[in-house]
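Right, one structure below, let's go through it.
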Amino acid sequence: MLGFLFRRLGDIIPTFFGVTLLVFFLIRLIPGDPILMMAGERGVDAVRYAELKAQYGFDQPVIVQYFDYLIGVFQGDLGKSFVTKKPVIDEFLTLFPATVELATMGILFAVIFGIPFGVLAAIHRGKWIDHLTMSLSLTGYSMPIFWWALLLIMFFSTTLGWTPISGRISVMYFFEPVTGFMLIDSLLSGEKGAFASAFSHLILPTVALGTIPMAVIARMTRSSMLEVLGEEYIRVARAKGLAPMRVIMVHALRNALIPVITVIGLQVGVLLAGAILTETIFSWPGIGKWIIEAMNRRDYPTIQGGILMIAFLVMAVNLIVDLLYGIINPRIRYKR
Amino acid sequence: MKANFVKVALGAGLLAATALAAPTAASAKTLVYCSEGSPEGFNPSLYTAGTTFDASSRQVFNRLVQFKRGTTTIVPGLATSWDVSADGLEYTFNLREGVKFHTTEDFTPTRDFNADDVVFTFMRQFDKDHPYHGVSGGSYEYFNAMSMPDLVKDIVKVDDYTVKFVLNRPEAPFIANMAMDFASVLSAEYADKMMEAGTPEAVDLNPVGTGPFQLVAYQKDAVIRYKAFPEYWEGKAAIDNLIFAITPDSTVRYQKLKAGECHVMPYPNPADLEAMEADADINLMSQEGLNVGYLGYNTAKEPFTDPKVRKALNMAINKDAIIEGVYQGAGSAAKNPIPPTIWSYNNDTVDDPYDPEAAKAMLAEAGYPDGFTTDIWAMPVQRPYNPNARRMAELVQADWAAIGVNAEIVSYEWGEYLERTKKGEQGTFMLGWTGDNGDPDNFLAVLLGCDAVGGSNRAQWCNEEFDNLIQQAKTTSDVLERTRLYEEAQVVFKREAPWATIAHSIVFEPIRNEVVDYKIDPFGGHIFYGVDLAE
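Next comes the structure, spelled out in structure tokens:
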């Protein structure tokens, strides 16, 4: 198992370099001189322009800038935001728990609903329940997040008044963040109703963000289940007279889950991308919204740092998924 | 399990809805403003974004002179009065006594506001050797953009309550500059204390001002909390707590306003205006913005050197169609280069009428009976003064085609666009301007003065008569005289037509009915001192 872990870690290092390279140079390919963009109609005179260029390090050759950046990255220094002048890593760490909280809820939602839907559709193949769940999941899959989110807000928040519209907790609650996870902090605060407020604020963003992964998981579970259900050992299990529920849950599902876990792992990337839209609409103070704002302001260090951290995270999750395979299916561990 | 989850979720939602108002004391008045974005920081002199000013200068700080709320009129602020020397080179400010600074966790002021604070505030920006000059990145873009480094010669503390600014040249708009956000007065005592503690940046992050509200907490990208400063020199604010709930999506802001989750919201989505108008709980306020969107002619390039050609093209443009199609009604036709909310706006000038026949005749008179070929540069970005330059360019293109002028639409990336128009590569171009200090000079000299050719005067227009008038107006501090000069300058502008003035955008601000005495700020700010909530 340890060897397997090291092999996987070895794969990550070149990918990490690739990402720094890509992020650094791609941003600089976006047209738009950040200094001129910031100055706008007011403009900036030549002397001031040169001063600012030096201040941001743009007077150096790009390759020097890249290596300076890379050296910083390996020392855990992602640079300072052009806009707020604060270290990028600090801002990331402040905002990151909000995204993790939302993404975790999103993936939980997707798994909790997606897998049972998929199983249900598979065992009732060709019947109305199959058609219903699959057409629902296709709809969910094709729904643009921003539109779906607004629809949810208009229906559940504005019309029915069941859920709050946006934010992480009612603005009337005020306590210092301890963990950065609002569900936990609201409990720790001891303020009456704070947890309920935090939880209710999570519902719609969770649904908006979790819908697409849920649809993907449901479809994957269904097809994987169908394949497994056709296997001979299932027939054997049935022939032995095992309870149908036991055959499905124990014999079929466990084996059907392997491709599903791959998909769940891949959905983490999708989820983080979706978080950009979801966070903007629900005014969720996470890293998605943060990166979008940085892009609009051509805040290079923030964009670089943010994307690098996200890429790092996706790699980490995929590593975990790989390790999970090994646990679920021992044969995978020994291959390669 | 599924059913349980749904039950728990719904239950929690309902619970929260009932608990929303619970935790605050019933008597405290809390106004929630759904702001559009996060501030860059809390020291207004370091930044240029309106969002930052809303969060800092407009609530937390004061300036020597201020704009009367809802107007561009200058009134005393931290200075009770000011004198200008006869040669216009010395501005002496008499400071207000008994003004308190906020007390925060890190800082308890031991003295009232005085001249040291003023000197500190400006010297930090002005003097490159000042110990605070380089703190927090040390770029003072507005101070630079208003040419303060060239304009100011010295800043002198005369006594504890008198400060003198010595200028290099007479400049009447100087006083308006002093009312701008970058001129917000910081506490020198706090700065000294933070410098001693080795944390000078704290001055820019945890602001201490003299303003009506003091910052309580900022949770990045989520919420900014303020409380009313009880010892505020103009009297404590009517509301006790002010909360900015940062909500970047305009449609979501509207939903929150509707649901009563906030009281005031900026920048509504034009598509929502009709519904807002019809909503009985919402008062949709509107006012002309302090801006102008225009189409400029490169007057250094043939055939635009001839005013007749420019006039003819002006007459060919159907402005009403543009207001309808580009501004979606949220604009008013512009006839002068300054917006009507600025003093000295000349009501008597007459706009070029929309008359394609007359335009054609005038073009023939100028020697182009068959028209000519040119280009229209369209900005790649959306601006309050021009929400869709591309669409506007297409409309103008069609209008000009009707009189035989064939124009090709050109666009560049924003930074590139600004650089190239500065150099005068364009035939005609779209741009606009939003006023900084409410002084006519800020439009007329910056955009049309001879000194600005090769810079922000992208029409490359230098007219001696016009320039004499605005230069004269700059050197006299008599407002009546200045008004007369600017009115005359607008007549010259209209006659010479370096631009086709297109529109002033209309600013909309929906507020809930319980908000009392909110005023739209012509500078685009959001100011909550003086605002109350009805029970």
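First to last, the sequence lines map onto chains A and B.
In terms of our numbering, the first sequence has 306 at position 306, counting the first letter as 1, and numbering is strictly consecutive.
In terms of our numbering, the second sequence has 1116 at position 116, counting the first letter as 1, and numbering is strictly consecutive.
A virtual CB, placed ideally from N, CA and C, is assigned to each residue, including glycine.
Neighbourhood of B:L1431 in chain A, by CB distance below 9 Å: E41, in chain order. Judged by their CB atoms, B:A1183 and B:T1092 are not nearer to each other than the 9 Å cut-off. Under DSSP, B:E1288 takes part in a beta bridge, and its partners are B:I1506. A:R7: member of the alpha helix (DSSP H) spanning 2 to 29, first to last residue. Between the alpha carbons of B:S1411 and B:G1427 lies a distance of about 12 Å. Residues of chain A with a Cβ closer than 9 Å to the Cβ of B:E1171 do not exist; the shortest Cβ-Cβ separation is about 18 Å.
The beta carbon of A:L52 sits closer than 6 Å to those of I35, all from its chain and outside the five residues before and after it, given in chain order. Check the Cα spacing between A:Y56 and each of A:I291, A:A98, A:D322, A:T302: the tightest is with A:T302. According to the DSSP secondary-structure assignment, B:M1430 is paired through a beta bridge with B:L1295. Here A:N296 is exposed. Its C-beta has fewer than 16 other C-beta atoms within 10 Å. Taking a 10 Å sphere around the C-beta of B:V1075, we find fewer than 16 other C-beta atoms and assign the residue as exposed. For the C-beta of B:Q1219, the chain A residues within less than 8 Å are, from N- to C-terminus, P177, P285. For B:D1192, no chain A residue has a Cβ inside 8 Å of its Cβ, as the nearest lies near 21 Å away. Shortest Cα-Cα distance from A:Y325 to any of A:I281, A:R298, A:G265 involves A:G265. For A:L253, the secondary structure class from DSSP, reduced to helix, strand or coil, is helix. The distance from the Cβ of A:A208 to that of A:S137 is about 16 Å, inconsistent with a contact at the 8 Å cut-off.
Counted as a single uninterrupted DSSP element, the beta strand (DSSP E) harbouring B:P1076 occupies residues 1074 to 1076. Residue-level contact check: A:I248 does not touch chain B, since none of the beta carbons of chain B fall below 9 Å from its beta carbon. In the same chain as B:V1381, and ignoring 5 residues on each side of it, the C-beta atoms closer than 6 Å to its own belong to W1414, in chain order. Within the region 256 to 275 of chain A, no residue has its Cβ closer than 9 Å to any Cβ of chain B. Nearest to B:D1083 by alpha-carbon distance, out of B:G1098, B:T1072, B:L1064, is B:L1064. B:I1376 has its alpha-carbon roughly 6 Å from the corresponding atom of B:A1407. Here the region 143 to 159 of chain A makes contact with the region 1247 to 1258 of chain B; the two share three or more CB pairs at distances below 8 Å.
Interface residue (Cβ-Cβ distance to chain A less than 9 Å): B:N1463 is not classified as such. Between B:V1208 and B:T1104 the beta-carbon gap is near 6 Å, inside 8 Å, which marks them as a contact.
Under the three-state reduction of DSSP, B:D1279 is assigned to coil, being neither helix nor strand. Within the region 1335 to 1391 of chain B, the complete beta strand (DSSP E) segments at least 3 residues long are 1373 to 1377, listed from N- to C-terminus. Note on the region 266 to 328 of chain A: whole alpha helix (DSSP H) runs with a minimum of 4 residues are 287 to 296, 300 to 328, in chain order.
Residues of the region 133 to 154 of chain A with a C-beta atom less than 9 Å from some C-beta of chain B are F146, A149, L150, I153, M154, listed in chain order. Taking CB atoms only, A:G106 has no neighbour in chain B less than 9 Å away.
The residues Y1297, P1307, R1310, K1311, N1314, D1352, in chain order, have a CB closer than 8 Å to that of B:A1497 in the same chain once the five nearest residues on each side in sequence are set aside. Here A:H131 is exposed: its Cβ has fewer than 16 other Cβ atoms, across all protein chains shown, within 10 Å. Boundaries of the alpha helix (DSSP H) around A:T94: 88 to 123. Under a 10 Å Cβ-count criterion, B:P1230 is classified as exposed, with fewer than 16 other Cβ atoms of the shown protein chains found around its own Cβ. Contact annotation: in the region 1129 to 1146 of chain B, residues whose CB is within less than 8 Å of a CB in chain A are S1136, G1137, S1139, E1141, N1144, A1145.
A:M37 reaches chain B at W1414, G1415, counting residues in chain order whose Cβ is nearer than 8 Å.
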